[in-house]
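>
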Amino acid sequence: MIARLRPAGAVLAAVAAWAVGLLLLAVAGLGGRVGLHPGNAALAPPVPQVRLEAVGSRLGPAPDYLEVGNRPLLNPERRPPAIETGEGAGEAPLDAELTSILIAGDVKLAILQSRENNASRRVRLGELVEGTSWRLVEIEPRRAVFEGPEGRREMALRVFSGVGGEPVTQVAAPVVPGRPPVATPPPASGAPAPVAAAPGGAAAAAPGPAPVAEPAQTAPVTPEQQVEAIRRRIEARRAQRAAEAAAEQAAQDGTKQVE
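The working numbering applies: residue -7 is where the sequence shown begins, and numbers increase by one.
#1: Quick check: the Cα distance between Ser92 and Pro212, rounded to an integer number of angstroms?
#2: Where does Ile95 land, buried or exposed, given buried means 16+ other C-beta within 10 angstroms?
#3: Could you give the DSSP three-state label for Arg229: helix, strand or coil?
#4: Shortest alpha-carbon distance to Gly97 belongs to which of Met147, Leu14, Leu117 and Ser106?
#5: Which of the three DSSP states, helix, strand or coil, is assigned to Gln217?
#6: Taking just the CA atoms, how far does Val60 sit from Leu114?
#7: Note down the Cα distance separating Asn109 from Ala239, rounded to an integer number of angstroms.
#8: Please state whether DSSP places Glu236 in a helix, a strand or coil.
#9: Just to confirm, are Leu149 and Arg134 a CB contact at a threshold of 7 Å?
#10: Would you mind working out which of Ile222, Ala84 and Ser112 sits nearest Gly140, comparing C-alpha positions?
#11: Along the alpha helix (DSSP H) that carries Gly61, what are the first and last residues, could you check?
#12: Would the beta-carbon of Ala88 fall within 7 Å of that of Ile131?
#13: In whole angstroms, give me the CA-to-CA distance for Asp245 and Val219.
#14: Starting from the C-beta of Thr124, find all residues in its chain whose C-beta is less than 6 Å away, skip the five residues before and the five after it, and write them out in chain order.
#15: What is the DSSP secondary structure of Thr91, counted as helix, strand or coil?
#16: Mapping DSSP to helix, strand and coil, what is Ala8?
#17: CA-CA distance, Arg225 and Arg107?
#18: So, for Leu90: in the same chain, excluding its five sequence neighbours on each side, which residues have a beta-carbon less than 7 Å away from its beta-carbon?
#19: For Leu65 and Val99, what's the separation of their Cα atoms in angstroms?
#20: Tell me the DSSP secondary structure of Lys248 in three-state form.
#21: Here's the rule: buried if 16 or more other CB atoms are within 10 angstroms of the residue's CB, otherwise exposed. What is Val3?
#22: Opposite Leu128 in the DSSP bridges: which residues?
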C-alpha cells in the first residue's frame, strides 16, 4: 500500500507515524522525571566521587629487557657494535719544536713544528696540541710550558741556525789600505757567493734582498695568515742577523791573522 503512494504522501505518512509514536511514549511516562535544577545548591544531588588507585608500571623491571640490548633487532649480526674509546690517540708524545710565539693583546699562541713531517701546528693558550694530550698552560716571549701525562715540559724558542730559508746577502769585510783583502768564509749550502771587495779601500756592498711581492688579496686576511706572515719575517730576519754575525767574526779573525 505504501509503495502505491506518491513521494509526498509517503513523507506525510512517515511524519504521522512518528507523531503517533511520540504520543504513545508521552502517555507511557516519557519525560516525567525531567525537571528544573533546584535554586538551592544544597538540595542538588551529590556528584559521585571518583577514586583513582595507584597502579605499578606495567612494563616490568629493567633486567627483563637486557636481551633487547644484547641482541639488537636493527643489527644484522644481532650483536651490539664495538665502542671505540679513542684513548690511544690522546697518548701521542709531544715530538715538536717551538718555532714562533705570538703575543698580541688577548691573543697568545705558539707555533710548533713536528720533527716527523715538519708540519706546523698553532696552539692557543689553554688548548690541547692536536693529536696529543699536552696542553699549553704558560707562554712567554721566548718559551712555552706544556702540561701532559708526563708532567710539565718547558720548550725554548728555537734559534735559527742560518741553514735553509731565504738566502741572505753576504756582507764583505772592510779592506784596510796597504793590507791584502781578507778572504770571507765559504757560504752555506743554498746561499749565494759573496761579492769580492773592490780595490781602493771601498767595499762593494751587494744589493739587499729584493722585497717579495705579495699577491693581491681579494679576501680579508685571516688571523692564521697573519701569524704565518709574521713567522716568515722573523725567520728571515734571524737568518740575516746570523749571516752578518758570521761575516763580522770572519773579518775579525782575518784582521788578527794579518797583524
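Cβ atoms here follow ideal geometry from the backbone N, Cα and C, with glycine treated the same way.
Here's the rundown:
#1: Looking at the two C-alpha atoms, the distance is approximately 23 Å.
#2: The residue is exposed, with fewer than 16 neighbouring Cβ atoms inside 10 Å.
#3: helix
#4: Ranked by Cα distance from Gly97, the options Met147, Leu14, Leu117 and Ser106 are led by Leu117.
#5: Helix.
#6: It should be noted that the sequence gives Arg, not Leu, for residue 114. Cα to Cα, Arg114 sits roughly 47 Å from Val60.
#7: Cα to Cα, Asn109 sits roughly 33 Å from Ala239.
#8: helix
#9: yes
#10: Looking at the Cα atoms, Ala84 is the closest of the given residues.
#11: Leu58 to Asn62
#12: no
#13: 39 Å
#14: Ala84 and Leu86
#15: strand
#16: helix
#17: 22 Å
#18: Ala102, Leu104, Ala136, Met147, Ala148, Leu149 and Arg150
#19: 52 Å
#20: DSSP, reduced to helix, strand and coil, places Lys248 within a helical segment of the structure shown.
#21: exposed
#22: Phe138
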